[in-house]
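Data first, discussion second: the structure below is written as structure tokens.
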Amino acid sequence: MLQMKVPPMLLLVLCYFLVYLQSRQIYFSFTALVLISSSSALMLAAAFQFKLNKTSPNPINTQRVSNIIQTGAFKLSRNPIYLGAFIFLLSSAFVFRTVFGFFVSVLFSLFLNQFQIKPEEAFLKGKFGKEYEDYCQRVRRWI
Numbered sequence: 049m050l051q052m053k054v055p056p057m058l059l060l061v062l063c064y065f066l067v068y069l070q071s072r073q074i075y076f077s078f079t080a081l082v083l084i085s086s087s088s089a090l091m092l093a094a095a096f097q098f099k100l101n102k103t104s105p106n107p108i109n110t111q112r113v114s115n116i117i118q119t120g121a122f123k124l125s126r127n128p129i130y131l132g133a134f135i136f137l138l139s140s141a142f143v144f145r146t147v148f149g150f151f152v153s154v155l156f157s158l159f160l161n162q163f164q165i166k167p168e169e170a171f172l173k174g175k176f177g178k179e180y181e182d183y184c185q186r187v188r189r190w191i
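Written out as structure tokens, the structure reads:
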């Protein structure tokens, strides 16, 4: 089990709602739609890779992790779902026309990096050793 007890996607929804509460007005712009659709596509493509590779996408319960995914979106980022979540949250700044959305996005990514990604990486390094270290040398944490 990792340190973070709140599922990252629940944290994403809570942060998005927090930005909404600060603004309460919705403005769809082309930029917002591009960010929402591209981030959603990235998260779905990465989630599909978990299914194809028959391993668990559950970041809280690591017992079912069976291999390191190194194909698809995982060739570009070690954390494409979290990257997609960050971009999705970043869209809140455009949807609600508030700088607050930018600040929440940055805080979300810093929090996720410290309390989810780093513990995940430590777990994966312990489980897969050199194979994971080699993957980390080839692929960046975010982009």
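According to our numbering, the residues represented by the sequence shown are 49 to 191, in order. The beta carbon of each residue, even a glycine, is placed where N, CA and C say it ideally should be.
Once DSSP output is grouped into helix, strand and coil, what is the label at residue i?
i	result
I116	coil
I135	helix
R232	Since the first residue of the chain shown is 49 and the last is 191, residue 232 is not available in this structure.
F142	helix
F122	helix
S104	coil
Is it the case that the Cβ atoms of residue i and residue j are separated by a distance below 7 Å?
i	j	result
S114	T103	yes
F148	V67	yes
A221	A121	Because the chain here runs from 49 to 191, residue 221 falls outside it and cannot be looked at.
I84	S139	yes
L137	C63	yes
L69	P128	no
R126	V187	yes
I116	F176	yes
Y183	L160	no
Use the C-beta contact count for residue i: other C-beta atoms within 10 angstroms, 16 or more gives buried, fewer gives exposed.
i	result
A170	exposed
Q97	buried
T79	exposed
T146	buried
L155	exposed
F144	buried
P55	exposed
S19	It is not possible to answer for residue 19, since the shown part of the chain is limited to 49 through 191.
Looking at the C-beta of residue i, does it have a partner C-beta in chain D at a distance below 7 Å?
i	result
E181	No chain D appears in this structure, which consists of one protein chain only.
Inset, instruction - State whether the segment 105-120 contacts the segment 170-190, with contact taken as three or more CB pairs (one from each stretch) at a distance under 8 Å. - result: Here the segment 105-120 lies against the segment 170-190, with 3 or more beta-carbon pairs under 8 Å apart.
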